[in-house]
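Residue numbers for the sequence shown follow my numbering, beginning at 286 and rising by one.
Using N, Cα and C, we set each Cβ at its ideal position, and we do this for glycine too.
Since this is a predicted model, take the numbers as computed values, not measurements.
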Amino acid sequence: MAQQMGNQPMIVLSEESQRTSGKDAQSMNITAGKAVAESVRTTLGPKGMDKMLVDDAGSVVVTNDGVTILDEMDIEHPAANMIVEVAQTQEDEVGDGTTTAVVIAGELLQKAEDLLDQDIHATILAQGYRQAAEKAKEILEEEAIDVDADDDEALENVAATAMTGKGAESAKDHLAALVRRAVQSVADDDGVDTDNIKVETVVGGSIDESQLVEGVIVDKDRVHDNMPKFAEDADIALLDTAIEVPETEIDTEVNVSDPDQLQEFLDQEEKQLREMVDHIADAGADVVFCQKGIDDMAQHYLAQEGILAVRRGKKSDISALARSTGARVVSNVEDITEEDLGFAGSVTEKELAGSEAIFVEDVEDAKAVTMILRGGTDHVVDEVERAIEDALGVVAATLEDGKILPGGGCPETELSLGLRDYADSVGGREQLAIEAFADAIDVIPRTLAENAGLDPIDSLVELRSAHDGGDNLVGLNAYTGEVEDMSDEVVEPLRVKTQAVESATEAAVMILRIDDVIAAGDLKGGQGDDDEDDAPGGPGGGMGGMGGGMGGMGGGMGGMM
286 MAQQMGNQPM IVLSEESQRT SGKDAQSMNI TAGKAVAESV RTTLGPKGMD
336 KMLVDDAGSV VVTNDGVTIL DEMDIEHPAA NMIVEVAQTQ EDEVGDGTTT
386 AVVIAGELLQ KAEDLLDQDI HATILAQGYR QAAEKAKEIL EEEAIDVDAD
436 DDEALENVAA TAMTGKGAES AKDHLAALVR RAVQSVADDD GVDTDNIKVE
486 TVVGGSIDES QLVEGVIVDK DRVHDNMPKF AEDADIALLD TAIEVPETEI
536 DTEVNVSDPD QLQEFLDQEE KQLREMVDHI ADAGADVVFC QKGIDDMAQH
586 YLAQEGILAV RRGKKSDISA LARSTGARVV SNVEDITEED LGFAGSVTEK
636 ELAGSEAIFV EDVEDAKAVT MILRGGTDHV VDEVERAIED ALGVVAATLE
686 DGKILPGGGC PETELSLGLR DYADSVGGRE QLAIEAFADA IDVIPRTLAE
736 NAGLDPIDSL VELRSAHDGG DNLVGLNAYT GEVEDMSDEV VEPLRVKTQA
786 VESATEAAVM ILRIDDVIAA GDLKGGQGDD DEDDAPGGPG GGMGGMGGGM
836 GGMGGGMGGM M
């Protein structure tokens with residue numbers, strides 16, 4: 286890029302740089318964003334289709350989960366990545382609704398493009414979209430239905446809705462009950478931390494053989510064959526230190542002149558290990574979980590005492606055991622007392638997925654639990670696990686907020702009507718942006734109908750006329766094609782919708798406000814198209830892949846996929 290200054294051109298950007306400005310930049314970014322939304326749109330709803338994603342190494346993922354699809358796709362275009370971030374935010378905050386958020390973002394960009402063509406300025410659009418999003422959150426909160434923390438049916442409906450259309454659908458009622466019980470178990474005064482729900486997957490058996498263990502499964506076996514495999518009414522000790530003779534901090538050298546001296550050393554070590562084991566036995570422990578190593582001799586002594594011991598346990602397992610059994614983690618074996626021990630009705634070594642694991646069950650108040658998910662093949666189990674993670678997130682959000690919304694495009698129809706009324710009260714050109722926002726929200730019920738093989742126009746008209754008549758709990762039943770009351774069966778947490786609207790709006794506004802894309806390096810093609818003497822990390826290759834998408838975007842997403 287050169288600016289004329291007197292008779293001398295002034296060079297500002299290097300020759301390799303490529304710059305796209307104004308309408309071209311906006312159009313290019315909007316196209317990229319829309320293409321991302323389009324790639325997941327067919328997965329929305331109970332009748333959504335799945336995607337098969339194959340990576341460079343040939344490993345295959347078959348999924349319906351929006352955020353997984355976008356993570357697995359090799360997206361290079363920077364504007365497209367902003368839309369991917371919407372899905373990631375939604376996943377982190379609520380766990381479900383990722384496809385909804387991305388599809389809304391894509392539709393907001395589509396509507397904005399039409400208004401930009403009519404010479405409405407991007408700043409006015411951004412302002413209107415933000416106003417509409419604020420109003421949308423108000424409308425959603427007014428429509429929300431209160432739900433109690435002990436309303437098992439509502440919580441199971443929330444879980445089942447999150448799993449609908451995913452690989453777990455065949456056993457969703459059974460899994461929804463497991464999810465509800467798991468989340469209720471780990472809920473405490475601070476809310477719900479789903480990290481306290483451990484998910485183990487087993488290939489083999491059918492999905493409806495999945496179970497919930499009210500306690501913890503530690504993926505280890507006992508350290509010595511002479512130890513018992515089973516302990517009933519067990520007192521449990523948790524150690525984050527090794528049952529070994531501590532090594533000296535500095536390198537030391539001991540010269541032994543007499544074999545007796547060597548024997549003395551060994552006897553001393555044995556005595557120290559014996560004392561450590563005695564401390565544990567005197568405290569009354571029947572089971573020991575150690576985060577670090579256990580010396581061979583100590584294993585022998587523990588086995589003699591009839592204590593079941595596990596070594597090198599994960600830190601997360603030790604903290605889950607502490608929550609579940611009420612034990613305190615001890616850092617010095619000599620200090621262990623009876624008060625530090627936890628309790629479990631049964632500690633058993635059983636087989637899980639072809640290897641041994643320790644099941645700690647029958648605990649008084651299981652604040653950490655484990656779900657065992659089964660399925661016929663790896664792909665099935667992986668997809669069930671993704672569905673369960675979404676369901677855990679939404680049930681946790683429902684327990685924390687106590688508010689739900691009917692599904693089936695019901696809240697979106699209400700939003701669309703409410704925002705149109707609101708647009709009439711707003712003066713200036715922002716009114717056009719708010720109306721565009723209302724149109725964009727309609728994409729959800731429209732897509733649900735399309736994916737279910739129904740006529741989207743008929744379904745939208747029917748939904749609108751029902752809501753216009755004051756029936757604000759009706760949505761589209763994708764199975765029957767009927768418009769009916771959804772509040773008893775298909776429900777989602779309020780937070781799923783508010784977060785989706787919020788993050789989709791933010792991403793769309795950010796993309797619309799960009800009027801200049803300045804990229805270092807030549808953007809003439811995808812990575813590998815650069816001159817041979819330009820190493821991939823050099824100026825030519827640095828953002829080369831991005832250019833495939835930017836240099837016109839083609840019909841789809843050029844360098845994006």
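Our two residues, Ala-447 and Ala-407, have alpha carbons roughly 36 Å apart in a direct line. Between Leu-761 and Ala-723, the beta carbon gap of about 18 Å keeps them out of contact (Cβ cut-off 8 Å). Annotation for Met-367: the continuous alpha helix (DSSP H) segment containing it runs 363 to 378. By DSSP's assignment, Cys-575 forms a beta bridge with Leu-524. For Ala-607, the CB contacts under 8 Å within the same chain, skipping 5 residues up- and downstream, are Leu-523, Arg-613, Val-614 and Gly-627 in chain order. Taking 8 Å as the cut-off, the beta carbon of Leu-497 is found no closer than this to the beta carbon of Val-680. About 17 Å separates the beta carbons of Asp-800 and Ser-302, which is beyond the 8 Å limit, so they are not a contact pair.
Every alpha helix (DSSP H) of 4 residues or more that sits fully in the segment 373 to 439 is shown, in chain order, as 383 to 402 and 407 to 428. Of all alpha-carbon atoms in Leu-410, Ser-470 and Asp-727, the one lying nearest the alpha-carbon of Glu-697 is that of Asp-727.
Taking the CA atoms as reference points, Asp-433 sits about 42 Å from Arg-798.
As the crow flies, the alpha-carbon of Ser-788 is around 11 Å from that of Glu-376.
In this structure, Thr-327 and Met-334 form a Cβ contact; the two beta carbons are roughly 5 Å apart against a cut-off of 8 Å. In the three-state reduction of the DSSP assignment, Glu-623 falls in the helix class.
Take the alpha-carbon of Thr-479 and the one of Leu-677: they are about 7 Å apart. Membership of Met-656 in the beta strand (DSSP E) is indicated by the continuous run 654 to 660. Listed in chain order, the beta strand (DSSP E) runs fully inside the segment 737 to 817 are 759 to 761, 768 to 770, 776 to 778 and 801 to 804, counting runs of at least 3 residues. Remark: fewer than three beta-carbon pairs, one from each stretch, lie closer than 8 Å, so the segment 584 to 595 and the segment 535 to 551 are not flagged as touching. Unbroken alpha helix (DSSP H) stretches of 4 residues or longer found wholly inside the segment 668 to 751: 695 to 710, 715 to 726 and 728 to 736, given in chain order. Counting C-beta pairs closer than 8 Å gives three or more between the segment 390 to 404 and the segment 310 to 322, which meets the contact rule. Residue range 544 to 568 is occupied by the alpha helix (DSSP H) that includes Arg-559, with no beta strand (DSSP E) assigned at that position.
Assigned with DSSP and collapsed to three states, Arg-304 falls in strand.
CA-CA distance, Leu-637 to Thr-486, rounds to 9 Å.
In the displayed model, Gly-598 falls within coil according to three-state DSSP, outside both helix and strand. The beta carbon of Val-645 sits closer than 6 Å to the beta carbons of Gly-500, Val-501, Ala-629 and Val-632 from its chain, once the five residues preceding and following it are set aside; these are given in chain order. Taking 8 Å as the cut-off, the Cβ atoms of Ala-568 and Asp-625 count as close. Here DSSP, grouped into helix, strand and coil, assigns Gly-476 to strand.
Judged by beta-carbon spacing, Gln-784 lies beyond the 8 Å limit of Gly-351, meaning their Cβ atoms are not closer than that value. Only residues of its own chain outside the window of five on either side were considered, and among them Ala-411, Tyr-414 and Arg-415 have a CB closer than 7 Å to the CB of Val-794, listed in chain order. Between Asp-580 and Ile-657, the C-beta spacing is not below 8 Å. Rounded to the nearest whole angstrom, the CA to CA distance from Arg-466 to Glu-428 is 27 Å. The three-state reading of DSSP puts Ser-491 in coil, since its state is none of H, G, I, E or B. Between Ile-565 and Ile-621, the C-beta gap is smaller than 8 Å, which places the two residues in contact. Out of Lys-782, Val-786, Ala-751 and Glu-549, the CA that lies nearest to the CA of Glu-769 is found in Ala-751. Non-local C-beta neighbours of Gln-373 in its own chain, meaning closer than 7 Å and more than five positions away in sequence, comprise Val-352, ordered along the chain.
The criterion of a C-beta distance shorter than 8 Å is satisfied by Val-669 and Ala-453.
The three-state secondary structure of Lys-451, taken from DSSP, is coil.
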